[in-house]
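Engineer:
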Amino acid sequence: MPEVTGVRQAQAQRTRSGVLAAAAAVFVDQGIQAPIRDIAERAGVGVGTIYRNFPTRADLVTAVYRHQIDTCAALAPRLLEESPSPFTALNRWVDAFVEFLVTKHGLGAALGSEDPGLENLHVLMLDTLVPACATLLDACTAAGEISPDIAAYTLMRAIGNLCITGPDYDRADAKHMVTLLLAGCRPRA
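Under the numbering used here, think of the first position of the sequence shown as 1, with each following residue one higher.
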């Protein structure tokens with residue numbers, strides 16, 4: 001009987017992973033208010049399967065972004081190890097953070113939402129990404145590559161504001177402005 005349970009658990013995990021991947025793709029295309037039926041169709045499951053795994057839209061949104069937030073946070077220490085300098089690591093991490101922000105249509109709306117189920121998403125981002133960014137900033141400060149008066153939360157908030165795209169301001173514009181912001185964080189000669 002343990003083998004049957006293991007098979008069921010593995011299938012349930014595959015289904016859950018498939019739903020999360022489908023939801024992430026649909027959110028990029030349509031935003032977080034996309035119809036659940038579109039997510040179910042893309043995942044190849046019924047709508048009921050989604051609601052069994054994620055009883056509310058907030059549960060689904062949080063699960064999708066939790067994985068992506070955790071991935072972005074885990075990138076910081078790896079980049080510090082692999083990069084020739086802490087500032088290079090910070091730049092690469094910020095590139096990943098910007099990509100996360102500009103491709104997640106509706107994330108800003110979710111973070112600013114009055115939906116109490118989405119409050120944990122904002123807390124998750126703060127609790128997970130701010131320490132990752134702070135680690136990079138501390139390394140940059142110790143190496144003399146960045147001004148010591150830059151706080152991780154403030155920098156991330158500035159980056160987030162620069163990543164609000166619109167009809168006359170796209171991903172390339174956001175990346176360019178963030179590059180200028182980071183250049184301004186360097187110590188003055």
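For each residue, glycine too, the CB sits at the ideal point set by N, CA and C.
Please identify the residue among His-122, Leu-101, Ala-74 whose C-alpha is closest to the C-alpha of Ala-89.
Structural biologist: Against the sequence shown, residue 89 aligns to sequence position 89. The shortest C-alpha separation from Ala-89 is found at Ala-74.
Engineer: Any idea if Ile-50 is buried or exposed, counting beta-carbon neighbours within 10 angstroms, 16 or more meaning buried?
Structural biologist: The sequence position of residue 50 within the sequence shown is 50, counting from 1. Per the 10 Å Cβ criterion, buried.
Engineer: Once you ignore the five residues that flank Val-94 on each side, which residues in its own chain have a CB closer than 7 Å to its CB?
Structural biologist: If you number the sequence shown from 1, residue 94 lands on position 94. Answer for Val-94: Ile-159, Val-178, Leu-182, listed in chain order.
Engineer: Determine whether the beta carbon atoms of Val-26 and Arg-16 lie at a separation below 8 Å.
Structural biologist: By one-based count along the sequence shown, residue 26 stands at place 26. By one-based count along the sequence shown, residue 16 stands at place 16. Their beta carbons are not under 8 Å apart, which means Val-26 does not touch Arg-16 by this criterion.
Engineer: Would the segment 135-144 and the segment 159-178 be scored as touching if the rule is three or more Cβ pairs under 8 Å?
Structural biologist: At 8 Å Cβ cutoff, the stretches do not touch.
Engineer: Skipping 5 residues on each side, what residues in its chain have a beta carbon closer than 7 Å to that of Phe-54?
Structural biologist: Within the sequence shown, the letter at position 54 stands for residue 54. Contacts found: Leu-60, Ala-63.
Engineer: Going straight from the alpha carbon of Asp-127 to that of Val-7, what length do you get?
Structural biologist: By one-based count along the sequence shown, residue 127 stands at place 127. By one-based count along the sequence shown, residue 7 stands at place 7. Roughly 34 Å separates the two Cα atoms.
Engineer: Just how far apart, CA to CA, sit His-67 and Ile-32?
Structural biologist: One-based indexing of the sequence shown puts residue 67 at position 67. One-based indexing of the sequence shown puts residue 32 at position 32. Roughly 15 Å separates the two Cα atoms.
Engineer: Run through the DSSP bridge pairs and tell me what Gly-144 is partnered with.
Structural biologist: Sequence index remark: in the sequence shown, residue 144 carries index 144 (1-based). Beta-bridge pairing links Gly-144 to no other residue.
Engineer: Is the CB-CB distance between Phe-100 and Cys-133 below 8 Å?
Structural biologist: Taking the sequence shown and counting its residues from 1, one reaches residue 100 at position 100. Taking the sequence shown and counting its residues from 1, one reaches residue 133 at position 133. Not a contact, by the Cβ cut-off of 8 Å.
Engineer: If you follow the alpha helix (DSSP H) that Ile-159 is in, where does it begin and where does it stop?
Structural biologist: Here residue 159 is taken as the residue at index 159 of the sequence shown, counted from 1. Run containing Ile-159: 152-162, per the alpha helix (DSSP H) assignment.
Engineer: What's the call for Val-123, buried or exposed, on a 16-neighbour Cβ count within 10 Å?
Structural biologist: For this step, residue 123 is matched to residue 123 along the sequence shown. The residue in question, Val-123, is exposed, as its Cβ has fewer than 16 Cβ neighbours within 10 Å.
Engineer: Return helix, strand or coil for Gly-6, following the three-state DSSP convention.
Structural biologist: As a working note, residue 6 is residue 6 in the sequence shown. If DSSP states are grouped into helix, strand and coil, Gly-6 belongs with the helices.
Engineer: What residue range does the alpha helix (DSSP H) around Val-47 cover?
Structural biologist: Here the question's residue 47 lines up with position 47 in the sequence shown. It spans 47-53 - the alpha helix (DSSP H) in which Val-47 sits, taken as one unbroken run.
Engineer: Return helix, strand or coil for Gly-166, following the three-state DSSP convention.
Structural biologist: Here the question's residue 166 lines up with position 166 in the sequence shown. Looking at Gly-166 - three-state DSSP - the assignment turns out to be strand.
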